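Asker: One structure, as structure tokens, below. Some questions next.
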Ligand code: BGC
């Protein structure tokens, strides 16, 4: 048994879930192994002498999300957990390796700390420089353990006794700050000294108070930055002491003269306050702090994986552009920042500007950043080697223009630090086609660059917002590549918090746009599609429980619009955003709004009906099922002719009708045939935008036209997934023609080179080509549905996915000697079962059958093409 996890985390600190869930993985040498029973124990001590919960032997095959059901847990306490299992082969394991978790605060009243900020009379709250807050304190005796719980209004960095605390970035993360604010927990036992100690907090504007949206609005959540910190010191002798932010702290400003998410940072190293987070420092010129009244009821412990530097990359070269800029090429469009070292005279000003692409003449291009400056200015203090990386900002870039650097640029002095939510990698896909493998890497980088605490649309221009539509189209692909369960669970709680009283869903979460910016079809549906996808991929019913009211409210919102409760045909929508069948000078594709909106209305209603069934809400389920039938009927009356022809003649309209099962019988056949015709007429190219693109290939394969889907995917000329790769793309572009064939750009206005939405084709590779799919009735891969679909002309494809049960693998390869034969290898983890279903035209060579049920194990089969 392995990977005993608490809330799907390994030995987490700072958990405020009152009843956490436990998951583990079985390992078995034999095939066909299921868990027959388990026994779980929770104790206050590592030796399990003081048990607080013992399930006894539970006859059950449940090994994921076993929810704690013992006595109420105490806050700020470490609990130990272990498990043993019995399998269906009669094998009983020993107790597992002990795991643990530590609770955080369960009630706001446990926060004795006060919100503090520099006194306004001394430091103008609206002035750009970041704040420094400081406090010395005495540690009297030997420390057993020490924890800091801290957060801020803004962004913060913590220091203790001259050292940075932890390795988290962009804390406390971005939530719907009016309703929810995360705090972080740090183990600082080893950073305390007996005697005098000092704490320091640096606070910047961040998303809370800094510039946001293309209007560069400030103070969106509040007009004062502030910090809140509580250090709990537990002494060896059992005593406890608390050091907290209060009126006794001191404040100042320091070297960070400006730090803004979009615009970068200005840092004057000459203003550094040497030793300011050490006890011996003399607080000359520091001012008192003010205690602010700000809510503590909104505080929640860290929920999602925090942001970290997850990777570093070195420049691949230095370019001298025709217009004279010296530019580092990172070789990869990345998100984070550049750390550099420099030795220069005091006052030397170094400027780094960041861009995603060079223009067709090879010059540095920042037009597509719009108002975002993405500029780092560093003023040297002199006297030796200095190192710098910015604090409360991030940049989206491949190229870095360097000014003011002394002497020849040595690429070795620069390191790209890739910053994003530190999620566990779970999936990989490779195949025989080099360009597809590059596409896969671009999809991965698109996710890395845009999962920066919230799922954003893009990481470079003056936007970087939690666009709901983008998140919705990409979530299934994301859930294959990394473990996104808690990343999205946190964001969905913000969605629920920001949802309008009438169920409308803001376009971006956290909601920072104006009050009319809500409830576009396919964007608002994130409220339903995202929790449903998490349930499918991770199987935790609690996400449906938590989000159910929000999901249902969105469906109800759609029902209440207009004068026909079964059509969604009013309101403002983005339509098939950026579809290529848009009219000249329009961003909006040709598929009618009301068709898209009604199609999604039907789809979301069906998903909420299913969720109601799963949650045992039978009454709701019945009325939602009825509603769904009525919407489908109305869809057919409104958009399908009596002869079964879909009235809207676009790829997107056909794809939606097929994917969401809105057409049946003759209409279904005609819709599939119409889709194929449209694709043929476009020379096997897509014309779809944000709404149709994720479904186009899925719909074609589903309708029996896998070869047509594969042809679209393999196109290399515009418009196609591979076209940008032929132009050197290392991420997914917002526009199919971000860089045109003649090398010119689509436009300055809205042209991101790092938008993950079209990366949603990933789902087709993993679920269809490699064929790893879930089963709605037994989600989280408890029952795996292998449905591989070989692609003509490819010699192999392989996908590996780390599920909560263990590794799932599917791999097919064409036999080198006889192309009529293929081998198919699959791996099925213990405590799961699988069905292999072959696509039309294939059978198992030995049995002649087309499907197969299997228990756990690793297997290889020979397939024959018919
Ligand atoms: C964003 C999108 C978003 C769209 C909505 C754009 O500015 O970058 O990805 O979904 O607006 O229309």
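Numbering (my numbering), first residue to last: 38 to 903.
All C-beta atoms, glycine included, are put in the ideal place defined by N, C-alpha and C.
Bear in mind the structure is a predicted one, so any value in this text is a computation, not a measurement.
To the nearest angstrom, how far is it from the Cα of residue 733 to the Cα of residue 800?
Answerer: 11 Å
Asker: For residue 810, which of 190, 873, 626 has the nearest alpha-carbon?
Answerer: For the set 190, 873, 626, the Cα lying nearest the Cα of residue 810 is the one of 873.
Asker: With respect to the beta strand (DSSP E) encompassing residue 438, which residues constitute its N-terminal and C-terminal limits?
Answerer: 432 to 440
Asker: Beta-carbon separation of residue 818 and residue 869 under 8 Å?
Answerer: yes
Asker: Run the CB neighbour count on residue 88, radius 10 Å, all protein chains shown included, and call it buried at 16 or more, exposed below.
Answerer: Burial call: exposed.
Asker: Below 8 Å, how does it come out for the region 137 to 155 and the region 256 to 269: are there three or more Cβ pairs, yes or no?
Answerer: yes
Asker: Using the Cβ count rule (16 or more neighbours within 10 Å means buried), how would you classify residue 392?
Answerer: The Cβ neighbour count for residue 392, taken over all protein chains shown within 10 Å, is at least 16; the residue is labelled buried.
Asker: Residues in its own chain within less than 6 Å of residue 558 by CB, not counting five upstream and five downstream?
Answerer: 610, 633, 634, 637
Asker: Extract the residue ranges of the alpha helix (DSSP H) inside the region 704 to 763, only unbroken runs of 4 or more that lie entirely within it.
Answerer: 730 to 739, 743 to 751, 760 to 763, all fully within the region 704 to 763.
Asker: In the DSSP output, which residue or residues are listed as bridge partners for residue 391?
Answerer: As a beta-bridge residue in DSSP terms, residue 391 pairs with 437.
Asker: Are the region 720 to 730 and the region 607 to 621 touching by the rule of at least three beta carbon pairs closer than 8 Å?
Answerer: yes
Asker: Indicate, with yes or no, if the ligand BGC has a heavy atom lying under 7 Å from the CB of residue 787.
Answerer: yes
Asker: For the region 138 to 188, which segments carrying the alpha helix (DSSP H) assignment without a break, of at least 4 residues, lie completely within its bounds, in sequence order?
Answerer: You should have found no qualifying run.
Asker: Which class does residue 567 belong to by DSSP, given the choice of helix, strand or coil?
Answerer: helix
Asker: So which of 64, 56, 139, 121 has the shortest CA-CA distance to residue 82?
Answerer: 139
Asker: By DSSP, does residue 768 sit in helix, in strand, or in coil?
Answerer: coil
Asker: With distances taken from CA atoms, which of 798, 774, 671, 714 is nearest residue 729?
Answerer: 798
Asker: Would DSSP call residue 903 helix, strand or coil?
Answerer: Of the three classes helix, strand and coil, the one that applies to residue 903 here is coil, per DSSP.
Asker: So, residue 913 versus residue 699, is the Cβ gap smaller than 8 Å?
Answerer: Since the first residue of the chain shown is 38 and the last is 903, residue 913 is not available in this structure.
Asker: From which residue to which residue does the alpha helix (DSSP H) around residue 696 run?
Answerer: 688 to 696
Asker: Per DSSP, residue 105 is paired with what?
Answerer: Per DSSP, none; premise fails for residue 105.
Asker: Ordered along the chain, which non-local residues of its own chain (more than five positions away) have a Cβ less than 8 Å from that of residue 129?
Answerer: Cβ within range, chain order: 121, 122, 123.
Asker: Within 7 Å: the Cβ of residue 555 and any heavy atom of the ligand BGC?
Answerer: no
Asker: Is DSSP giving residue 396 helix, strand or coil here?
Answerer: coil
Asker: With DSSP as the reference, identify every bridge partner of residue 351, one or two as the case may be.
Answerer: Note: residue 351 sits in no beta bridge, so no partner.
Asker: Which term fits residue 440, buried or exposed, when burial requires 16 or more other beta carbons within 10 angstroms of its beta carbon?
Answerer: exposed
Asker: What number of angstroms, rounded off, separates the C-alpha of residue 71 from the C-alpha of residue 465?
Answerer: 26 Å
Asker: Taking Cβ positions, are residue 240 and residue 324 nearer each other than 8 Å?
Answerer: Not in contact: residue 240 and residue 324 (Cβ atoms no closer than 8 Å).
Asker: State the beta-bridge partners of residue 46 as determined by DSSP.
Answerer: 43
Asker: Which residue's Cα is closest to the Cα of residue 901: 859, 877, 867, 892?
Answerer: 859
Asker: Assign residue 754 to buried or exposed, taking buried as 16 or more other Cβ atoms, counted over all protein chains shown, within 10 Å of its Cβ.
Answerer: exposed
Asker: I want to check one thing, is the minimum distance from the CB of residue 495 to the heavy atoms of the ligand BGC below 7 Å?
Answerer: Yes; taking the cut-off as 7 Å, the Cβ of residue 495 has a heavy atom of the ligand BGC nearer than that.
Asker: Do the CB positions of residue 344 and residue 458 come within less than 8 Å of each other?
Answerer: It is a contact, given that the beta carbons lie within the stated cut-off.
Asker: Would you please state the rounded distance, in angstroms, between the beta carbons of residue 77 and residue 103? I believe it to be under 8 Å.
Answerer: Taking C-beta atoms under 8 Å as the contact rule, residue 77 and residue 103 qualify, at a distance of about 6 Å.
Asker: Helix or strand or just coil, what does DSSP make of residue 678?
Answerer: Reduced to three states, the DSSP call for residue 678 is coil.
Asker: If you draw a straight line from the C-alpha of residue 55 to the C-alpha of residue 878, how long is it?
Answerer: 52 Å
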